[in-house]
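First residue of the sequence shown: 1, per my numbering; consecutive thereafter. The structure appears below as structure tokens.
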Amino acid sequence: MTDVSKSVSQPVPMLDFSRQFHEIRFEVLNAIEEVCLSQKFILGPQVTSFEQSAATACAVPHAVGCASGTDALWLAMAAANIGSPDPGLNPSRDAVITSPFSFFATVSAILRCGARPVLADIDPATYNLSPAAVEAVLDSPQGASVKAVLPVHLYGQCADWDAFAALKGRHDLLLIEDAAQAFGAAWNGIPAGALGDAAAFSFYPTKNLSAFGDAGLLTTTSASLDDHARILRAHGMRRRYYHEEIGWNSRLDSIQAAILEVKLRYLPRWNQQRRDLAANYDQLFRAAKLTGGTVQDGIVLPFTDPRATHVFHQYVIRAPRRDALRQYLTDLQIGSEIYYPVPLHLQESLAFLGYKAGDFPHSEAAAAEVLALPMYPELREDEQQTVVEAIRAFYA
Ligand SMILES: *Cc1c(COP(=O)(O)O)cnc(C)c1O
Numbered sequence: 001m002t003d004v005s006k007s008v009s010q011p012v013p014m015l016d017f018s019r020q021f022h023e024i025r026f027e028v029l030n031a032i033e034e035v036c037l038s039q040k041f042i043l044g045p046q047v048t049s050f051e052q053s054a055a056t057a058c059a060v061p062h063a064v065g066c067a068s069g070t071d072a073l074w075l076a077m078a079a080a081n082i083g084s085p086d087p088g089l090n091p092s093r094d095a096v097i098t099s100p101f102s103f104f105a106t107v108s109a110i111l112r113c114g115a116r117p118v119l120a121d122i123d124p125a126t127y128n129l130s131p132a133a134v135e136a137v138l139d140s141p142q143g144a145s146v147k148a149v150l151p152v153h154l155y156g157q158c159a160d161w162d163a164f165a166a167l168k169g170r171h172d173l174l175l176i177e178d179a180a181q182a183f184g185a186a187w188n189g190i191p192a193g194a195l196g197d198a199a200a201f202s203f204y205p206t207k208n209l210s211a212f213g214d215a216g217l218l219t220t221t222s223a224s225l226d227d228h229a230r231i232l233r234a235h236g237m238r239r240r241y242y243h244e245e246i247g248w249n250s251r252l253d254s255i256q257a258a259i260l261e262v263k264l265r266y267l268p269r270w271n272q273q274r275r276d277l278a279a280n281y282d283q284l285f286r287a288a289k290l291t292g293g294t295v296q297d298g299i300v301l302p303f304t305d306p307r308a309t310h311v312f313h314q315y316v317i318r319a320p321r322r323d324a325l326r327q328y329l330t331d332l333q334i335g336s337e338i339y340y341p342v343p344l345h346l347q348e349s350l351a352f353l354g355y356k357a358g359d360f361p362h363s364e365a366a367a368a369e370v371l372a373l374p375m376y377p378e379l380r381e382d383e384q385q386t387v388v389e390a391i392r393a394f395y396a
């Protein structure tokens, strides 16, 4: 067996969007130039145009551009009147149930709109919020104050929407999607963004649809929610300098919208390339006989629910001796990342929520075992082979 650590293997970056930029360079630069010529830098015609294109792509009537995915989450909940910016107005503290295995913003956005996050564990196969765990909360004494459930479409795979829709049928609650990692994903053919009452997308530069800076979008099927979100993103004013309520500055820049509009046209192909690359990783791991049904037996490959159209924002394995493997890959200049090493209930700043280690065992196991490998549409097959060969050498 060849020892890759001694031979010189090629470096494989975790992400290299410069390859994509070369492909679309002139379209992007032209789009930016148009904004410069128009001098309408904020909420200009490019924003309106991108909102319409994004709404069409998500099969929803309404899309509202905003400053970030974090803001889109906040706007979605605030526009639906969940929580209150003034705790004095809302002593009952509306509760929102979400997953502890997500990016921090999922929970901080709930707090920011004056609501109380209640956590429920994940499904260990998909890493998405478990509908059964959510139902247990809804049936507990806490259930009465729950106004919404906020499933995250983690890594680009939609949460089990059949089950969440059934829960909504039995309980009076809103469903809000954290679709930050899932533009173009679908569940039973219905696009992410069209599944819930509202959804939040992020276009942070590493996301599968990404801006050249911060940007976000809210989608909704509700005309009133759309209207309210538009007011909130512009300091609560409908008529200039008359503030109906306390909003925020969460406007979207025209330059970002213009770039996103260009990229949106390529996204279906890019998402398909991600799926093809994911299938190739699967095949390489199987051929190398590295896989197992559980992390005790070997590498656990990503599971795709047959009802889901996965966009593989990330390709995430569970790996035995994860941290040592990651160090080994880093030494070989092979990129990898841990999304997320600390579940949200164990974050220092969220200690006041009152959770403790052991409360969400599936999330805690995932945080200790997951490893994201290089994944982006322009990743090459020879680079994937390098990654899998290095992992094989580690376990040999
Ligand atoms: C990226 C991300 C966010 C936040 O989006 P920003 O644009 O960075 O504010 C929220 N939730 C999840 C799951 C994310 O991955």
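From the three backbone atoms N, C-alpha and C, an ideal C-beta is built for every residue, glycine too. All of these numbers come straight from a predicted model, not from anything done at the bench.
Taking only runs that begin and end inside the segment 334-376, name each unbroken beta strand (DSSP E) of 3 or more residues, in chain order.
-> Qualifying beta strand (DSSP E) stretches, in chain order: 370-373.
Use the C-beta contact count for N188: other C-beta atoms within 10 angstroms, 16 or more gives buried, fewer gives exposed.
-> Around the C-beta of N188, fewer than 16 other C-beta atoms lie within 10 Å, and the residue is accordingly described as exposed.
Collapsed DSSP secondary structure at N30 in the structure displayed | DSSP, read as helix, strand or coil, puts N30 in helix.
Since V12 contacts I97 with CB under 8 Å, what's their CB separation in whole angstroms?
-> By a beta-carbon distance limit of 8 Å, V12 does not contact I97. Their separation comes to about 38 Å.
V300 - partner residues in DSSP beta bridges = DSSP, once it has assigned bridges, lists R318 as partnering V300.
So what's L267 in DSSP terms, helix, strand or just coil?
-> Helix.
Quick one: any contact between the segment 61-72 and the segment 209-223, if contact means 3 or more CB pairs under 8 Å?
-> Of all C-beta pairs linking the segment 61-72 to the segment 209-223, three or more are shorter than 8 Å, placing the two stretches in contact.
Apply the 10 Å Cβ neighbour rule to P377 and answer buried if 16 or more other Cβ atoms are within range, or exposed otherwise.
-> With 16 or more neighbouring CB atoms inside 10 Å of its own CB, P377 falls in the buried class.
Where the beta strand (DSSP E) containing M237 begins and where it ends | For M237, the enclosing beta strand (DSSP E) covers residues 237-239.
To the nearest angstrom, report how far apart A278 and I317 are at their CA atoms.
-> C-alpha of A278 to C-alpha of I317: approximately 11 Å in a straight line.
What residues match up with G65 in a beta bridge as DSSP calls it?
-> DSSP lists L217 as partners of G65.
Flag V311 as yes when its Cβ comes closer than 6 Å to any non-hydrogen atom of ligand 1, and as no otherwise.
-> For V311, the shortest C-beta to heavy atom distance toward ligand 1 is 6 Å or greater.
6 Å Cβ shell around A366 - same chain, five flanking residues per side excluded = Taken in chain order, the residues that qualify are F101, Y127.
So is the beta-carbon of A180 under 6 Å away from any non-hydrogen atom of ligand 1?
-> Flag set: Cβ of A180 near ligand 1.
Expressed to the nearest angstrom, what Euclidean distance is found between the alpha-carbon atoms of V4 and Y340?
-> Confidence at V4 is low in this model, with a pLDDT of 47, below 50, so its placement is unreliable and the value that follows should be read with caution. Between V4 and Y340, the C-alpha separation is close to 28 Å.
So does the segment 36-51 actually touch the segment 247-262, counting three or more Cβ pairs closer than 8 Å?
-> Yes, the segment 36-51 is in contact with the segment 247-262.
Shortest alpha-carbon distance to C66 belongs to which of G193, V295, Q256?
-> The alpha carbon of C66 has as its nearest neighbour, out of G193, V295, Q256, the alpha carbon of Q256.
Just how far apart, CA to CA, sit A115 and A287?
-> When rounded, the distance between both Cα atoms is 49 Å.
Please report how far the alpha carbon of T386 lies from the alpha carbon of L332, in whole angstroms.
-> For T386 and L332, the distance between alpha carbons rounds to 10 Å.
Is D197 near T106, with beta carbons less than 7 Å apart?
-> For D197 and T106, no; Cβs fall outside 7 Å.
Of the residues D276, S68, A199, which one's Cα is nearest the Cα of A59?
-> For the residues D276, S68, A199, the minimum Cα distance to A59 belongs to A199.
Chain-order list of residues whose beta-carbon lies under 8 Å from that of L264 (same chain, five-residue window excluded) = Counting only Cβ-Cβ distances below 8 Å, and skipping sequence neighbours, we find F50, S53, A54, A57, L209.
First through last residue of the alpha helix (DSSP H) which encompasses K168 = Taken as a continuous stretch (DSSP letters only), the alpha helix (DSSP H) holding K168 covers 161-170.
Is any heavy atom in ligand 1 found nearer than 6 Å to the beta carbon of Y204?
-> Correct: Y204 has its Cβ closer than 6 Å to ligand 1.
When you compare only the Cα positions, how much space is there between G298 and E33?
-> Spanning the two alpha carbons is a distance of roughly 51 Å.
Which value, in whole angstroms, describes the spacing of the CA atoms of N30 and A215?
-> When only Cα atoms are considered, N30 and A215 end up about 20 Å apart.
List the endpoints of the continuous beta strand (DSSP E) containing V149.
-> Its beta strand (DSSP E) spans residues 146-150.
Range covered by the beta strand (DSSP E) that runs through F201 = That run of the beta strand (DSSP E) goes 198-202.
Between D123 and S130, is the Cβ-Cβ spacing less than 7 Å?
-> For D123 and S130, yes; Cβs fall inside 7 Å.
Three-state class that DSSP yields for A78 in the structure shown | In the structure shown, A78 adopts helical secondary structure according to DSSP, grouped into three states.
Inter-residue Cα distance where the pair is R240 and I42 | Their Cα atoms are separated by approximately 15 Å.
Below 7 Å CB to CB, which residues in the same chain sit around A234 once its five sequence neighbours on both sides are set aside?
-> Apart from sequence neighbours up to five positions away, the residues of its chain that approach A234 with a beta-carbon distance below 7 Å are G247, R251, ordered along the chain.
Cβ-Cβ separation, M375 to Q314 (assumed contact under 8 Å), whole Å | So it is a contact: roughly 6 Å between Cβ atoms.
Roughly how many angstroms lie between the CA atoms of Y395 and V300, to the nearest whole one?
-> CA-to-CA, the gap between Y395 and V300 works out to about 14 Å.
From G213 to F21, what distance separates their C-alpha atoms?
-> For G213 and F21, the distance between alpha carbons rounds to 14 Å.
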